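This report refers to the structure that appears directly beneath it.
Shown next as structure tokens:
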């Protein structure tokens, strides 16, 4: 006998998926990088002024390349990572020219943890590590997430809710 449409394997009604959170890389996660680049720029300017002459042109080009690289790095991170948390799964998209889309079912998520450095903690950004029993992606790191604590808690709460809904023990699977 076929399973009626709209029912999950355990006979519970299949609820429509709802988006709980969407996000991407936060530029605040690069504050340390921007500070370092600024210090390097100031040092190079001082060196260029002290040496003068043709070295100044080389230093100017070097400063431009450093800032161009930094802006490119920010762009790749900002445009290259998108995340969506729904009531049933965590969706992860990576890439700009070549896209990789991955979905992790929330019932497969085993652990959610977040890490922050000192500056990141002051700014409220950090990295979230998702450990799961998903074969294709057992560990997923969400980099540069704004409001990292709230987002990590939201993922963990959605995981617990989905496991209870499907009749699974919250701490095991």
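In the numbering used here, the protein residues as written are 12 to 184.
We treat Cβ as the ideally placed atom computed from N, Cα and C, and that holds for glycine.
Please read these numbers as outputs of a predicted model, since none were measured by experiment.
Does any CB atom of chain D fall closer than 8 Å to the CB of residue i?
| i | result |
| --- | --- |
| residue 118 | The structure shown contains no chain D, having only a single protein chain. |
According to DSSP, simplified to helix, strand and coil, what is residue i?
| i | result |
| --- | --- |
| residue 172 | helix |
| residue 145 | coil |
| residue 107 | coil |
| residue 12 | Its pLDDT being 46, under 50, residue 12 is placed unreliably by the model, and nothing is read from it. |
| residue 184 | Residue placement at residue 184 cannot be trusted, given a pLDDT of 48 that sits under 50; the coordinates are not used to answer. |
| residue 83 | helix |
| residue 155 | strand |
| residue 52 | helix |
| residue 64 | coil |
How is the beta strand (DSSP E) around residue i delimited, first residue to last?
| i | result |
| --- | --- |
| residue 177 | Per DSSP, residue 177 belongs to no beta strand (DSSP E) and is neither H nor E. |
| residue 31 | 30–35 |
| residue 26 | No beta strand (DSSP E) contains residue 26, which DSSP labels as neither H nor E. |
| residue 126 | 120–126 |
| residue 96 | 92–97 |
Quick check on the DSSP output: the alpha helix (DSSP H) that includes residue i runs from which residue to which?
| i | result |
| --- | --- |
| residue 132 | 129–134 |
Let's test the definition: count the other Cβ atoms within 10 Å of the Cβ of residue i and tell me whether it reaches 16, buried, or not, exposed.
| i | result |
| --- | --- |
| residue 122 | exposed |
| residue 69 | exposed |
| residue 63 | exposed |
| residue 41 | buried |
| residue 30 | exposed |
| residue 131 | buried |
| residue 100 | buried |
| residue 162 | buried |
| residue 47 | exposed |
Just to confirm, does residue i get its C-beta within under 7 Å of one of the non-hydrogen atoms of the ligand NAD?
| i | result |
| --- | --- |
| residue 54 | This structure lacks the ligand NAD; in fact it carries no ligand of any kind. |
If I'm right that residue i touches residue j with Cβ under 8 Å, what's the distance once you round it to whole angstroms?
| i | j | result |
| --- | --- | --- |
| residue 141 | residue 115 | 7 Å |
| residue 137 | residue 156 | 6 Å |
| residue 159 | residue 139 | 6 Å |
| residue 106 | residue 128 | Not quite, the Cβ-Cβ distance comes to about 26 Å (not below 8 Å), so this is no contact. |
On the DSSP bridge assignment, give the partners of residue i in chain order.
| i | result |
| --- | --- |
| residue 101 | 96, 115 |
| residue 139 | 125, 153 |
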